[in-house]
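Q: Please see the structure below; I have some questions.
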Amino acid sequence: MGPGMQLRDPVEKKARRHPIITLDGPAGSGKSTTAREVARRLGFRHLDSGALYRALTFALLSAGIPEGEWPGLSAEILDRFSIRLRPVEGRFQVLLGDRVLEEELRSPEVTAGVSPLSALPAVRAWLLEAQRRAGEEGGLVADGRDMGTVVFPHAEVKVFLIADLRERARRRFLERENRNPSPEELVVEAGRIQERDARDSGRQLAPLKKADGALEVDTSDLSFEAQVSIIVNFVRNLDWGRHLP
Ligand code: DC
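Structure representation (structure tokens):
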């Protein structure tokens, strides 16, 4: 290490070795795609925490456990579902046993069940450890609802993404159907998102909210490139960010 790169104090040293960037926001604000690209540009790994909640929803539905029984789930029962994260190039895969879960996590059934499931304290506590473990080595961009408030409260950078409801509805529809929605379809999609937002923000435990000190980025009128650049540039302007590749 050259003299110009001397570390000034242990806190800075820690921050430079283990930076964590959190991205929280409502459904359709562009969190996951943005987080993935920010991670790629900075040479970090991306964690999509929603995928863990979706994986558990998928596992419960596949096991035929009806939604009415979910509030009674204990850590012991959840342990029977072998859900884990596997680090792969630039991201984490979510595994159920030996099966890598991908498209099945986005099915309408999983999307409908995941929000009520994620409001359950036993579920949140059970998934917390896996998420924190993913952050142990730092170099992580984690996206979700409570990354900056609960899971990584000491993250070096916290971002809160927002976008207006119509735009979020349009993006979600486009992502799923590969086309833009008609006006009627947009209204239906917006209604669904609004319902999920209300549940995610209104729940008692780890509700969706902006973390103290988070950088708020409204992506309604931003191109994908612009929203990624705002975050990457913000990081690169920090003391430790200047030294990233
Ligand atoms: O980001 P997503 O749509 O894949 O998230 C799916 C659901 O999981 C969403 O309704 C809220 C919940 N979730 C959560 O409560 N906490 C997280 N950190 C991530 C997702």
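End of the sequence shown sits at 245 in our numbering; the numbers just go up one at a time, nothing left out.
Heads up, the beta-carbon is just placed ideally off N, CA and C, and yes, glycines get one too.
Helix, strand or coil for G68 per DSSP?
A: Reading the sequence shown from its first residue, position 68 is the one you call residue 68. Here DSSP, grouped into helix, strand and coil, assigns G68 to helix.
Q: For the candidate residues A211, F173, D200 and W70, whose alpha-carbon lies nearest to that of V187?
A: Walking along the sequence shown from the start, residue 187 turns up at place 187. That would be F173, whose Cα lies nearest to the Cα of V187.
Q: Ligand 1 heavy atoms versus the CB of G139: any closer than 6 Å?
A: Position 139 of the sequence shown, counting from 1, holds the residue named residue 139. Flag unset: Cβ of G139 not near ligand 1.
Q: Counting C-beta neighbours from all protein chains within 10 Å, is the total for R132 16 or more, i.e. buried, or is it exposed?
A: Numbered from its first residue, the sequence shown carries residue 132 at position 132. For R132, the number of other beta carbons within 10 angstroms of its own is below 16, and it is reported as exposed.
Q: Using the rule of at least 16 other Cβ atoms within 10 Å of the residue's Cβ for burial, across every protein chain shown, is H243 buried or exposed?
A: Reading the sequence shown from its first residue, position 243 is the one you call residue 243. It counts as exposed.
Q: Should D146 be listed as close to ligand 1, given that the test is whether its C-beta is under 6 Å from any heavy atom?
A: Taking the first residue of the sequence shown as position 1, residue 146 is located at position 146. D146: yes, Cβ under 6 Å from ligand 1.
Q: Locate the beta strand (DSSP E) running through D218, then write down its first and last residues.
A: Locating residue 218 in the sequence shown gives position 218, where the first residue counts as 1. Looking at the DSSP string, the run of the beta strand (DSSP E) that includes D218 is L215 to D218.
Q: Which one or two residues does DSSP pair with D197 in a beta bridge?
A: Start at 1 with the first residue of the sequence shown, and residue 197 comes out as number 197. DSSP lists no partner for D197.
Q: Compute the minimum distance between the beta carbon of A27 and the heavy atoms of ligand 1, and state whether it is under 6 Å.
A: As a working note, residue 27 is residue 27 in the sequence shown. It does: the Cβ of A27 is within 6 Å (strictly closer) of some heavy atom of ligand 1.
Q: Mind checking whether the beta-carbon of R172 lies closer than 6 Å to any heavy atom of ligand 1?
A: Locating residue 172 in the sequence shown gives position 172, counting from the first residue. No, Cβ of R172 sits at least 6 Å from all heavy atoms of ligand 1.
Q: May I have a chain-ordered list of the beta strand (DSSP E) segments no shorter than 3 residues that lie completely inside the segment 73-143?
A: Complete beta strand (DSSP E) runs here, min 3: 83-88, 91-96 and 99-101.
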